[in-house]
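The working numbering applies: residue 66 is where the sequence shown begins, and numbers increase by one.
We put the CB at the ideal spot given by N, CA and C, even for glycine.
One structure is given below, encoded as structure tokens.
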Amino acid sequence: MSGGTITGEAKTQKLAYHLPYSTGFGIGYRFTSFFDVRIEPKIHSWEVYYDGETQNPANLIKSYKTYTVGLGAYYRYMPFKKQDNWLQGITTSSSLRWWPNVASSLTNDTFSYHNKFSNNDEVLKVSNIGISGTQFLVNVSIGYIFGGK
Numbered sequence: 066m067s068g069g070t071i072t073g074e075a076k077t078q079k080l081a082y083h084l085p086y087s088t089g090f091g092i093g094y095r096f097t098s099f100f101d102v103r104i105e106p107k108i109h110s111w112e113v114y115y116d117g118e119t120q121n122p123a124n125l126i127k128s129y130k131t132y133t134v135g136l137g138a139y140y141r142y143m144p145f146k147k148q149d150n151w152l153q154g155i156t157t158s159s160s161l162r163w164w165p166n167v168a169s170s171l172t173n174d175t176f177s178y179h180n181k182f183s184n185n186d187e188v189l190k191v192s193n194i195g196i197s198g199t200q201f202l203v204n205v206s207i208g209y210i211f212g213g214k
């Protein structure tokens, strides 16, 4: 995440984020064969760099992890499920997820560093996983299910 997708303190401090991984699982309830809601604990790995610089170990400002426990609502649609050919397996999946931070690997969820652009000591709070630093994510994907309906 850099440039136009960065907001708040990170934008003011000319920073960029890299998420090497985000992992977890979900446990939920399926209301219909196409709609389910899940509780999702996740771990997100963050790396902070200056915006526009090569993201490598020499330029790394800070790395940390955030831990979220959130909710996800998922809807799956198979537009060709009644077809009796290869189109039958095409599926779309959309989701709306809310993943608030519950903890981080940083003391008090912040870190301090000397910013080379402002030439000041700066403090940055941990970021939220989500659209422009919010806790919300929206996703639409297209896939294929093998083996029938």
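- Burial check for W151: the Cβ neighbour count within 10 Å stays below 16, so the residue is exposed.
- For A168, the number of other beta carbons within 10 angstroms of its own is below 16, and it is reported as exposed.
- DSSP places E112 in the uninterrupted beta strand (DSSP E) bounded by F100 to Y115.
- DSSP places T172 in no beta strand (DSSP E); its state is neither H nor E.
- Here the alpha carbon of L171 sits roughly 36 Å from the alpha carbon of R95.
- Short of 8 Å from the beta carbon of Y115, and not among the five residues preceding or following it, lie these beta carbons of its own chain, in chain order: K79, L80, A81, N124, I126, K181 and F182.
- By the neighbour-count criterion, in which 16 or more other beta carbons inside 10 Å mark a residue as buried, L189 falls on the buried side.
- A Cβ-Cβ separation of about 3 Å places K107 in contact with G89 under the 8 Å criterion.
- In the DSSP secondary-structure assignment, K146 is not bridged to any residue.
- Distance from the CA of N193 to the CA of Q120, rounded to the nearest whole angstrom, comes to 20 Å.
- The C-alpha of T157 lies about 44 Å from the C-alpha of E187.
- Contact between S159 and V205 is confirmed by a C-beta separation of about 5 Å, below the 8 Å threshold.
- Relative to G91, the option among Y142, N184, E112 and A138 whose CA is nearest is A138.
- Judged by DSSP in its simplified three-state form, L152 adopts helix.
- CA-to-CA, the gap between Q148 and Y132 works out to about 43 Å.
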